[in-house]
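Enquirer: Quick note: the sequence shown, position 103, residue 102 per numbering that gives the first Met the number 0, numbers continuous.
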Amino acid sequence: MADIATQFGGFAWMILAFVIALSIIVAIHEYGHYIVGRWCGIKADVFSIGFGPILASKVDRHGTRWQVAALPLGGYVKFRGDGNAASVGDDGTVAEMTASERAETMTGASLWRRAATVAAGPIFNFILAIVLYAGLAMILGRGTDTPTVGDPVPLPADMQTLQPGDEIVSVAGFDVTDIADLGALIDQLPSAPTLPYEVERDGNLIEVDAIAPVPARASTVQPRSAAWDIGMRPGDVILTADGEDLHSFADLQAAVAAVGDGTVALTVWRDSGGDGEVLEFALQPRMRDIPLPDGGFETRPLIGITSSLAFEGATERSGPIEAVTFGATQLWTILGRSISTLGYIATGQISTCNMSGPIGIAQTSAVAASHGLASFVGFIALLSAGVGLLNLFPIPVLDGGHLVFHAYEAVRGKPPSDGAVKVLMIFGLSIMGALMIFVLFNDVTCT
């Protein structure tokens, strides 16, 4: 009974986190359509978060009914005269309107006003991503380049040597000038229980022995990965693999590479208060496609964890301009990697299991939320960027499809016929339906 309650609680938490993230992203997306449409003189009759029975609603001074519906799986803006929530066709009243009234509808507004209103949804998703990343940089700060030890991460007592405030000068004879050097040394440092460090502490240069700067510790555990499925969790420290001591994350990587898709026995330390607890796991890595710096991919055995330093690096808060620049850079990186990944999937160079559906996204949202507010905000920013990109695809029913219709009108001087639009919309719905079934199948079958 306790296991059932735990599983139900985990499921409820997953759904709640997913609904919150999706509702925020959809609200911003639809608000983009609404506010730009209003700026362009196009009136909105309904702004809805969710579909189905209306739970609450209010009409504002502009005549727009703001409502929350029972099914929080999306939302829409219905502009004046729209035949439906997708702004396709009209409701039969436009023909009876005066010229000034028609100009306030999506069908009667000028081409550039309609195009701007359609494009605003994805653009607002991109803006949300930038704002959230910038906010994190301004409020929580970003890691500094200086190799200064911040708060230590939870580790077994015999691994704690470095102290907050220590500035690392060298490790095992390798000079360290910035924090990135510590990660770059992961494959160059010898495998040993401790390594000699030179650190500046309280103004004095001293030598101390400490563990590798990147230990065999799970900073994050990817949902539905090999490690996650056997019960490993963030913060776990992997002590041994098949009985061999692991002194660094590089040792763990070597052990996983050696076993391939076989099975490896892991001894893991978990922080559970006091001296912690030691757990035993039998883990089978999974072959995954890994992005390379040149944009390509390489198939490797992975267990689904990421590394981190043995301590939290020092941070400093960014100013507004620096923070916005950081947010824009993050957005650009996400969009570039997403497009690259989709290209490789489309050409069959990497597995379609690299695509997640609603189940995978919901699981990731729950994990992000469980790691704290900052992690959840970062996840919302990432998902918002993805939603914005998806909506720009030139598929009828998506914003990108509407923009293609508007581009056709700009070139031909007239919009596509109603019959052609209806056929294309059915085609677009079929594509999206097939895609949804496909990613749901991925969520269930990909391991």
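Note that CB positions come from ideal geometry on N, CA and C, so glycine has one too. Remember, it's a predicted structure, so these values are computed and weren't measured experimentally.
Which residue's Cα is closest to the Cα of Leu-110: Phe-296, Ala-380, Val-396, Ala-409?
Expert: Answer by Cα proximity: Ala-409.
Enquirer: Please classify Val-255: does DSSP put it in a helix, a strand, or coil?
Expert: DSSP places Val-255 in helix when its eight states are reduced to three.
Enquirer: Given this structure, state the Cα-to-Cα distance separating Val-25 from Ile-122, to the nearest angstrom.
Expert: Distance between the alpha carbons of Val-25 and Ile-122 is about 12 Å.
Enquirer: Classify Ser-307: buried if its beta carbon has 16 or more other beta carbons within 10 angstroms, exposed otherwise.
Expert: Buried, because 16 or more other Cβ atoms sit within 10 Å of the Cβ of Ser-307.
Enquirer: Going by DSSP, which residues form a beta bridge with Ala-209?
Expert: Leu-194, per the DSSP bridge assignment.
Enquirer: From this set, Asp-270, Gly-312, Phe-296, Leu-251, which residue's C-alpha is nearest Pro-284's C-alpha?
Expert: Comparing Cα positions, the closest option is Leu-251.
Enquirer: Helix or strand or just coil, what does DSSP make of Val-277?
Expert: Strand at Val-277.
Enquirer: Which term fits Thr-328, buried or exposed, when burial requires 16 or more other beta carbons within 10 angstroms of its beta carbon?
Expert: With fewer than 16 other Cβ atoms within 10 Å, it is exposed.
Enquirer: Mapping the DSSP letters down to three states, classify Asp-398 as helix, strand or coil.
Expert: It is helical.
Enquirer: Would you report the Cα separation of Arg-287 and Phe-392, rounded to the nearest angstrom?
Expert: Whole-angstrom Cα-Cα distance: 26 Å.
Enquirer: Going straight from the alpha carbon of Cys-352 to that of Ile-360, what length do you get?
Expert: Answer to the nearest angstrom: the Cα atoms are 13 Å apart.
Enquirer: Just grab the DSSP bridge partners of Tyr-75 for me.
Expert: Bridge partners of Tyr-75: Ser-47.
Enquirer: Report the residue from Asp-144, Tyr-132, Pro-155 whose alpha carbon sits nearest the alpha carbon of Leu-181.
Expert: The shortest C-alpha separation from Leu-181 is found at Asp-144.
Enquirer: Assuming Ala-365 contacts Trp-12 under a Cβ cut-off of 8 Å, what Cβ separation, rounded to an integer in Å, is found between them?
Expert: Confirmed, about 5 Å.
Enquirer: Could you check how far apart the C-beta atoms of Phe-375 and Ala-368 are, in whole angstroms? I think they sit under 8 Å.
Expert: Rounded, the Cβ-Cβ distance is 4 Å, consistent with contact.
Enquirer: Could you tell me the alpha carbon to alpha carbon distance between Gly-427 and Leu-434, rounded to whole angstroms?
Expert: Near 10 Å, if we compare the C-alpha coordinates of Leu-434 and Gly-427.
Enquirer: I need the straight-line Cα distance from Pro-151 to Gln-159, nearest angstrom please.
Expert: Taking the straight line joining both Cα atoms gives about 8 Å.
Enquirer: Would Gln-187 be called buried (16 or more neighbouring beta carbons within 10 Å of its own) or exposed?
Expert: Gln-187 should be labelled exposed.
Enquirer: Taking the CB atoms as reference points, tell me whether Ile-36 and Thr-147 lie closer together than 7 Å.
Expert: The sequence shown places Gly at residue 36, not Ile. Going by C-beta atoms, Gly-36 is not nearer than 7 Å to Thr-147.
Enquirer: Buried or exposed: Asp-157, going by 16 or more other Cβ atoms within 10 Å of its Cβ?
Expert: Result: exposed.
Enquirer: Is Gln-66 helix, strand or coil by DSSP?
Expert: Strand, per DSSP.
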